[in-house]
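Protein chains in written order, with the numbering used here: chain A, 1245 to 1326; chain B, 594 to 875.
Report on the following structure.
Structure (structure tokens):
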């Protein structure tokens, strides 16, 4: 099977499986789901290193959103402290 | 119905094949756009109407997969014509090698199988004095000097380029043949001396669809190449035994063109669509 096909197939599994497991655990925090997606995406991309049309904008976008959300959440929690 | 009129076209396996080829050429763009649109709509609907976090997350996952699929380039595949041309081009050189061996000269053959991936392994045990050498480019061409007897270490590439193109029966040290990658230095945009060998191998082997992935490990003057999902085969047996299989021969030509050194293929291992080989630059 082509490298790209294997990459897409494995990525889809790695995105689907955490969704099913977390859903079964009745997890309601979207951040948990998103963190798993970011880790799955970066891990798969690192292993397969597929050729791309342009730079890996998906990885960059996911990482930026994830870091921004993390900083925002931490800051929000710190501000809320008595 | 007039003569020559084939009548209404009917659905056949050829249509399926054409549709598949069309889809492959287009890469995953269509799949990506569909997934992005579906995932986006699904997540918005799940969040606003169903208030379900798991379903929203599932929609986002679809969108991520869609963006990823859309960012992948067209799947490159060597066409059947290109594969046939590559195979055919090995037979001309193979015929020269046949003539040489028919005249009683025993040519050095590649070691096949049992490669130890440690770069230094066995290199001292291999006698390279009779091994074919991919020569640095001259006049935009790569040549291979095939010794018919062990040559002195001091023999330089200039002397090898002067070798006759066939066995002339005189006391020659070897003969010069042209591999399938002889014209590789003429590829526009190929890295020049000191450039990236990996990028050039990607350009020649992966972008042309000969294999889907190539890894290179470099240790000193030894390169270990691993080509995965090789799509060309069926080359002339004699060519493959002496000058390497098509992807390895092309890789040796690329390395000779970039490094401007003599390149010897030490050994090659074939495992289905996977080829591992060691190249020695001297």
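Cβ atoms here follow ideal geometry from the backbone N, Cα and C, with glycine treated the same way.
With residue i as the anchor, note down where its alpha helix (DSSP H) starts and where it stops.
{"i": "residue 751 of chain B", "result": "750-754"}
{"i": "residue 647 of chain B", "result": "646-664"}
{"i": "residue 792 of chain B", "result": "790-794"}
{"i": "residue 847 of chain B", "result": "839-852"}
Using only the alpha-carbon positions, how far apart do residue i and residue j sit?
{"i": "residue 1259 of chain A", "j": "residue 625 of chain B", "result": "15 Å"}
{"i": "residue 663 of chain B", "j": "residue 621 of chain B", "result": "6 Å"}
{"i": "residue 659 of chain B", "j": "residue 652 of chain B", "result": "10 Å"}
{"i": "residue 1288 of chain A", "j": "residue 790 of chain B", "result": "25 Å"}
{"i": "residue 808 of chain B", "j": "residue 820 of chain B", "result": "7 Å"}
{"i": "residue 873 of chain B", "j": "residue 854 of chain B", "result": "10 Å"}
{"i": "residue 1296 of chain A", "j": "residue 661 of chain B", "result": "9 Å"}
{"i": "residue 632 of chain B", "j": "residue 1304 of chain A", "result": "19 Å"}
{"i": "residue 1247 of chain A", "j": "residue 629 of chain B", "result": "22 Å"}
{"i": "residue 1293 of chain A", "j": "residue 1252 of chain A", "result": "12 Å"}
{"i": "residue 705 of chain B", "j": "residue 823 of chain B", "result": "17 Å"}
{"i": "residue 618 of chain B", "j": "residue 665 of chain B", "result": "Because residue 618 of chain B carries a pLDDT of 47, less than 50, the predicted location of this residue cannot be relied on, and no value is offered for it."}
{"i": "residue 1306 of chain A", "j": "residue 793 of chain B", "result": "31 Å"}
{"i": "residue 1255 of chain A", "j": "residue 828 of chain B", "result": "36 Å"}
{"i": "residue 836 of chain B", "j": "residue 806 of chain B", "result": "22 Å"}
{"i": "residue 1279 of chain A", "j": "residue 1263 of chain A", "result": "11 Å"}
Compare the C-beta of residue i against all C-beta atoms of chain A and say whether one is closer than 8 Å.
{"i": "residue 735 of chain B", "result": "no"}
{"i": "residue 623 of chain B", "result": "no"}
{"i": "residue 752 of chain B", "result": "no"}
{"i": "residue 660 of chain B", "result": "yes"}
{"i": "residue 840 of chain B", "result": "no"}
{"i": "residue 654 of chain B", "result": "yes"}
{"i": "residue 672 of chain B", "result": "no"}
{"i": "residue 634 of chain B", "result": "no"}
{"i": "residue 809 of chain B", "result": "no"}
{"i": "residue 594 of chain B", "result": "Residue placement at residue 594 of chain B is poorly supported in this model, since its pLDDT is 42, which falls under 50; the coordinates still yield a value, given next. By this cut-off, residue 594 of chain B is not an interface position."}
Pick helix, strand or coil for residue i, following the three-state DSSP scheme.
{"i": "residue 695 of chain B", "result": "helix"}
{"i": "residue 1324 of chain A", "result": "helix"}
{"i": "residue 680 of chain B", "result": "helix"}
{"i": "residue 1262 of chain A", "result": "helix"}
{"i": "residue 870 of chain B", "result": "strand"}
{"i": "residue 738 of chain B", "result": "strand"}
Does residue i come within less than 8 Å of chain C when only Cβ atoms are used?
{"i": "residue 801 of chain B", "result": "No chain C is part of this structure, whose protein chains are labelled A and B."}
Can you name the start and end residues of the beta strand (DSSP E) that residue i belongs to?
{"i": "residue 770 of chain B", "result": "767-770"}
{"i": "residue 807 of chain B", "result": "806-812"}
Beta carbon of residue i: closer than 7 Å to some heavy atom of the ligand ADP?
{"i": "residue 829 of chain B", "result": "You won't find the ligand ADP in this model; it holds no ligand whatsoever."}
Examine chain B for any beta-carbon lying closer than 8 Å to the beta-carbon of residue i, and answer yes or no.
{"i": "residue 1279 of chain A", "result": "no"}
{"i": "residue 1298 of chain A", "result": "yes"}
{"i": "residue 1285 of chain A", "result": "yes"}
{"i": "residue 1247 of chain A", "result": "yes"}
Measuring CB atoms only, is the segment 719-734 of chain B touching the segment 689-707 of chain B, in the sense that at least three cross pairs come out at less than 8 Å? yes
The segment 832-848 of chain B / the segment 860-875 of chain B touching (three or more Cβ pairs under 8 Å): yes
contact_flag[the segment 675-693 of chain B, the segment 754-773 of chain B] where n(CB pairs < 8 Å) is 3 or more: yes
Does the segment 1274-1287 of chain A touch the segment 680-687 of chain B, meaning 3 or more C-beta pairs lie closer than 8 Å? no
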